[in-house]
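Position 240 of the sequence shown, counted from 1, bears residue number 260 in my numbering, the numbering being contiguous throughout.
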Amino acid sequence: MFIYITKRLLWVIPTILTVLLVLFSLSYLLPGDPADIILGPRATPEMAAELESRLGLDKPWYQSYLIYLKNIIKGDLGTSIFRDRSVLTVILDVLPYTVILTLAGMGLAVFNGISIGLLAANYNNSYFEKFLTMVSFITASTPTYIAGVLLIVIFSVNFNILPSIGIGDGGILDSLHHLIGPAIALSVGWTGYIARLTRSSMLETLDQEFIQTEKSFGIPRYYILYKYALKKAIKPIIAVIGLGIGRLLGGAVFVEVIFNRPGLGRLIVDSVNERDLPLVRGGVLVAALLFVIANLIADISYAYFDPRIKQK
C-alpha cells in the first residue's frame with residue numbers, strides 16, 4: 021500500500037505543473053495586448069506598462085514562467101488588480117464557504133444515494149424498486165442550476181421555508197438554515213448517480229457465491245445486506261467520491277451565483293468578469309489543488325478497502 025500511495029503522490033506533481041502551465045499561458049492566449057484587454061480602452065501607456073511589469077509580460081515567456089513558479093512555491097499568488105489585495109488572502113476569505121458547501125453536498129449525496137440504492141437492491145423487481153430507480157434517474161439527470169432554481173421557487177418563494185440568498189447572520193443555526201437549500205441543490209445529481217451505482221453494485225454482490233453460502237446458513241437477510249454485501253459493494257462508490265467532489269466544486273459555481281453566496285466559484289466568475297487575471301489564476305489553481313487532493317484521498321480510501329492493493 022505504501023508503494024501505491026507513493027505513486028499516487030508522485031502523479032500529483034505533473035498534474036499541478038500542467039495546471040500551472042495552462043494558467044500561465046492564459047495571458048499569452050488572449051487576443052491582442054493583455055494589458056489593454058484587462059484595463060480597457062481608457063488605459064494610459066503608463067498604466068499598461070505597470071500592469072505588464074506586475075504580470076511579467078515585459079520579460080520573455082520562459083523567464084516569466086520561472087518567476088511565476090518560484091512565486092507559487094513561496095505561496096505568492098500575486099496581487100488582485102481590482103481589489104489591491106493579496107490573491108491568497110482574497111481566496112482564503114471565501115474558501116471555507118465553498119469547502120463547507122461542497123462537503124455538505126457530497127455528504128447528502130452519499131447518505132441519500134446509498135440509502136436509496138440499498139432500498140432498491142433490497143426490494144429488487146418490485147414496484148417500489150421501479151419507483152426508486154425512476155427517482156434516481158430523474159435526479160441524476162437534473163442539472164445543478166435547475167435544482168437550485170426549483171428549490172428557490174418552491175421552498176423560498178411559495179412556501180417561505182428556506183432562505184433564497186446569503187449565508188445568514190453568522191449564527192450556527194442560521195448559517196445551517198441558509199446552507200440547506202444550496203447543499204440539496206448541489207447534491208441532487210450525484211444522489212441519483214450514487215443510488216444507481218449502489219444498487220447495481222449491491223445486486224452484483226448479492227449474486228456472488230459467498231453471499232449464497234451465508235444465506236444457506238440461515239443468516240438474516242438484513243445482516244447479510246449490511247454486514248457483508250454493503251462492505252464489498254462500497255468500493256466503487258469510494259472510487260467515485262473523489263471525482264464527485266471535483267464535479268461538485270464545479271457545480272458550486274452555479275449554486276453560489278444562484279443563492280448569492282460567497283465562495284471560490286463565485287469569486288472566479290467575478291474575477292473573470294472583472295478581467296482580474298492574477299485572481300483568475302489563483303482561484304483556478306486552488307480549485308485544481310482541491311480536486312487533486314479529493315482524488316488522492318479517494319484513491320487512498322479505495323486502497324484501504326481493497327485487500328489486493330493493501331497488501332502491496
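Just so it is clear, CB atoms sit at the ideal spot from N, CA and C, and this is done for glycine as well. Computed from a predicted structure; not experimentally measured.
Residue pairing by DSSP places Ser106 opposite Thr99 in a beta bridge. In chain order, Leu199 and Ala203 place their CB closer than 7 Å to the CB of Ala124, counting only its own chain and leaving out the 5 sequence neighbours on each side.
The alpha-carbon separation between Ala307 and Ile214 amounts to approximately 23 Å. Taking 7 Å as the cut-off, the Cβ atoms of Gly283 and Tyr117 count as close.
With three or more CB-CB distances shorter than 8 Å, the segment 254-261 counts as touching the segment 216-227. Remark: C-beta atoms of Leu182 and Ala205 do not approach each other more closely than 7 Å. Within the same chain, Leu152 come within 7 Å of Leu139 by CB-CB distance, once the 5 residues on both sides are set aside.
Taking the Cα of Leu71 as reference, the smallest distance to any Cα among Phe148, Ile87, Pro298 and Leu309 is reached at Pro298. CA-to-CA, the gap between Leu128 and Leu305 works out to about 27 Å. Around the beta-carbon of Thr233, fewer than 16 other beta-carbon atoms lie within 10 Å, marking it exposed. In the three-state scheme derived from DSSP, where H, G and I count as helix and E and B as strand, Pro256 is classed as helix. Shortest Cα-Cα distance from Pro163 to any of Val312, Leu30 and Ala272 involves Ala272.
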